Structures are given as C-alpha cells and as structure tokens.
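Residue numbers (this note's numbering), protein chains in the order written: chain A, 63 to 176; chain B, 2 to 116.
If you want it as structure tokens, here you go:
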C-alpha cells in the first residue's frame, strides 16, 4: 500500500523568502503525485501534479515541484512567498489500480511572517 | 466552468441521528469520491462512485453509505451518528478512469458537527 510522509508539521517563513515543503512517498510503481492547498475551513485546491515526463513541474500561484525517484521525494518550492500563501499544504499519491483513492500526507501548515 | 459543489455548508446533528450530505461534480465528470477530514486523523478516503456504482470504499463502518444519481451527483449518508463523526467531509470528482489516474478536484466541503 502506498504512503506519504510530510516531515514538517509547521513551517514559518518571512514574506519574500523562499520556501520548500518536503514530501516523501512509498509506492511500488510509478506514482501519480499531487500537491493540494487548503485554507482554513475550505476545500482542497490543486496546485500541481506529476504523472510522467519532465521531473520539474510548474503549478499555479508560482509553485513548482521536483520529482526525484531515487529519493522517493516530491518537494514543493516557491522562490518568494506571499502572505496569501499561508495555508495548509498536502502532498498526495494516487494509484492507478485498486481503489483509486488519493493517499494524503498529514499536511504542513505554513505561516508567513510580515 | 463550475467546480464541485457541496451542500449544506454546515450541518449540526445529535448523536444517533442521520446526516445526508450532497455533492455535484464538475460537468463531464462521472466519478465522485468522498473523504473525511477529522481533527487529528487527516484526510481519509471514504467512498468512490463511478457511473452510478460504488466502486470501492475505505475502512469505515457500513453506517457510512451513499449513492450516485443518473446525473452523477452523489449523496453521502451517515447513520447512527457518533461524536467522532464530527469532521469536514470533502467531495471530489474526476473523469471516468480509463487507465492511469485521473486528477481529483475537490469541493468546499460540508462541516458536520455531532452534539
């Protein structure tokens, strides 16, 4: 069964600083990887996804993520954080067989200091 | 293009009652997924419906059930409510799976509070 680990529960960065959120996955085959963002009390918004091809994927709001098979990682990055980026970020992996459900990490809460 | 919609936004019930949550998928999507986001438990898969059939369910008791209608909208029913059912229930939709994995798009959720 697949699993996702987000080692950082809470991260605080200053506005304008760069950001990297870590995600490690466990899955036997080529994974389908996603990053979602959730503002308090809201649903999940898709930031970006990786299915195949170029290992550096671009998403919305200036985010990007890099798939590294050798490290089983899919870290999310942003060069300059804005106060509106404060939210909770979830990494998820999907399987093409079986239940087709997303397996989520426990999330990383991002706080942005002025 | 309209996204996934869910109703109601908030729902307050007492223990032992039944709750019904509704979801309308993105136009053209035939698969609907339900997830529970409870405090301290993270996001957990509940149910998957496609083309009107239940395709799979997560590790939840049978009192969690649902259905999908011919227009692909879906209903989640929770019977005999317990305090620990208090959570944000998220619905997602995707194209019908034909191979690979289809991206799931989420609605705003229904906040269920059980008193």
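From the three backbone atoms N, C-alpha and C, an ideal C-beta is built for every residue, glycine too.
Every value quoted in this text rests on a predicted model; they were computed, and no experiment measured them.
Give a yes or no on whether the minimum CB-CB distance between residue 112 of chain A and chain B is below 8 Å.
Numbered from its first residue, the first chain carries residue 112 of chain A at position 50. The beta carbon of residue 112 of chain A sits no closer than 8 Å to any beta carbon of chain B.
Under 8 Å (Cβ pairs) to chain C, residues found in the segment 102-136 of chain A:
No chain C is part of this structure, whose protein chains are labelled A and B.
Helix, strand or coil for residue 84 of chain A, going by three-state DSSP, please let me know. As a working note, residue 84 of chain A is residue 22 in the first chain. Correct three-state label for residue 84 of chain A: coil.
Verify whether the separation of the beta carbon atoms of residue 87 of chain A and residue 66 of chain A is less than 8 Å. Mapped onto the first chain, residue 87 of chain A falls at position 25. Mapped onto the first chain, residue 66 of chain A falls at position 4. Going by C-beta atoms, residue 87 of chain A is nearer than 8 Å to residue 66 of chain A.
Where does residue 73 of chain A fall in DSSP's three states? Numbered from its first residue, the first chain carries residue 73 of chain A at position 11. Three-state DSSP puts residue 73 of chain A in a strand.
key: Proximity below 8 Å, CB of residue 139 of chain A to CB of residue 72 of chain A   = To locate residue 139 of chain A, count along the first chain from 1; it is residue 77. To locate residue 72 of chain A, count along the first chain from 1; it is residue 10. No Cβ-Cβ contact shorter than 8 Å links residue 139 of chain A with residue 72 of chain A.
Sufficient close CB pairs (3 or more, under 8 Å) joining the segment 76-93 of chain A to the segment 68-79 of chain B: Short answer: they don't touch.
Q: Establish whether the CB of residue 44 of chain B and some CB of chain A are separated by less than 8 Å.
A: Within the second chain, numbered from 1, the residue matching residue 44 of chain B stands at position 43. Closer than 8 Å to some Cβ of chain A, the Cβ of residue 44 of chain B qualifies, so yes.
Query raised in the report: Ends of the beta strand (DSSP E) at residue 85 of chain B?
Result: Translated into the one-based positions of the second chain, residue 85 of chain B becomes position 84. Taken as a continuous stretch (DSSP letters only), residue 85 of chain B belongs to no beta strand (DSSP E), as it is neither H nor E.
- request: List the residues that DSSP assigns as beta-bridge partners of residue 65 of chain B.
  value: Working through the second chain from its first residue, we reach residue 65 of chain B at position 64. Paired residue(s): B:79.
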